[in-house]
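Asker:
Residue numbers (the working numbering): 32 to 225.
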C-alpha cells in the first residue's frame with residue numbers, strides 16, 4: 032500500500048531557517064489488492080523500509096521549536112518506529128516483530144531505531160533505509176466479508192522521533208506518515224476447506 036504525505040507535528044529550524052522533514056516509507060512485501068482494498072493475512076509477515084529526509088539538507092545542528100516559538104531545543108538524534116492504528120477512529124493496534132529464527136521465538140513490538148537523514152541523490156530503495164522485517168498485526172480487522180456490517184480498516188504508521196538535549200523527557204514525537212487503509216484477514220479461505 033502507498034503512504035500519504037508526512038504529517039509534521041513540530042517545527043524544525045537550522046541556522047534560523049525552517050527545515051521540512053519527510054518520512055520516507057515503503058512497504059516491501061506481504062500485501063495484495065482484494066475487493067479494491069489493500070489486504071494481508073494476520074499470520075503473514077510484512078516489512079517496512081523507512082528513513083527521513085530533511086529539506087534543505089543541514090550540516091548545522093537542527094533544533095525543535097517550542098509550540099509558542101519562543102525556545103529551541105537541539106536535536107541530538109532522530110529515530111523511527113512502526114506502529115498501527117484503526118483508520119478512523121485512531122485507536123492503537125499492536126504490531127509484533129518476530130526474531131529471524133523460524134521457531135516460536137521472542138515477539139516484541141518494533142523498536143525505536145536511530146536513523147540518519149538521507150542525503151540528496153540517495154534513492155528510497157537505498158541501503159540507507161532502515162528495514163523493519165517479519166512484522167505481523169496482532170489482530171485482524173473486524174467484519175471481514177460480512178455484508179451487513181461496515182468493514183474496519185487499519186493503517187500502518189511510521190513515527191519519527193527526535194532526541195532532545197537537556198530536557199527531562201528526551202524523546203519527542205515530531206512527525207508521522209500513515210499508509211493507505213488496509214484490511215487484515217484472520218485466515219486464508221483455504222484453511223477452512225478440508
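Note that the Cβ used here is the ideal one computed from N, Cα and C, for glycine as well.
Report all residues from its chain with a CB closer than 8 Å to the CB of residue 79; omit the five preceding and five following residues, and keep chain order.
Answerer: Excluding positions up to five away in sequence, the list reads 56, 57, 58, 59, 113, 162, 163, 166, 187 and 189.
Asker: Is the distance from the Cβ of residue 211 to the Cβ of residue 121 below 7 Å?
Answerer: No, the pair does not count as a contact, with Cβ atoms beyond the cut-off.
Asker: Near residue 149, which residues of its chain fall below 6 Å by C-beta distance, leaving aside the five closest residues on each side in sequence?
Answerer: So the list reads 82, 84 and 159, once near-sequence residues are dropped.
Asker: Could you check where the beta strand (DSSP E) with residue 94 kicks off and where it finishes?
Answerer: Element bounds for residue 94: 94 to 96.
Asker: Shortest alpha-carbon distance to residue 193 belongs to which of 93, 126 and 209?
Answerer: Nearest of 93, 126 and 209 to residue 193, Cα basis: 93.
Asker: Determine the closest residue to residue 95 out of 215, 214, 201 and 142, with distance taken between C-alpha atoms.
Answerer: Nearest C-alpha to residue 95: 201.
Asker: Pull up the CB-CB distance for residue 54 and residue 37, whole angstroms please, since I reckon it's below 8 Å.
Answerer: Sure, about 5 Å apart at Cβ, within 8 Å.
Asker: Please report the residue range of the beta strand (DSSP E) in which residue 167 lies.
Answerer: Run containing residue 167: 161 to 168, per the beta strand (DSSP E) assignment.
Asker: The beta strand (DSSP E) spanning residue 181 covers which residue range?
Answerer: Note, residue 181: premise wrong, no beta strand (DSSP E); not H, not E.
Asker: Going by C-alpha distance, which of 218, 103 and 191 is nearest residue 143?
Answerer: That would be 191, whose Cα lies nearest to the Cα of residue 143.
Asker: Classify residue 145 as buried or exposed, calling it buried when 16 or more other Cβ atoms lie within 10 Å of its own Cβ.
Answerer: The residue in question, residue 145, is exposed, as its Cβ has fewer than 16 Cβ neighbours within 10 Å.
Asker: Take residue 205 as the anchor and find which of 44, 117, 199 and 215 has the nearest alpha-carbon.
Answerer: The shortest C-alpha separation from residue 205 is found at 44.
Asker: CA-CA distance, residue 39 and residue 203?
Answerer: One C-alpha to the other measures close to 12 Å.
Asker: May I have the straight-line CA-CA distance separating residue 195 from residue 102, to the nearest angstrom?
Answerer: The alpha-carbon atoms of residue 195 and residue 102 are separated by roughly 13 Å.
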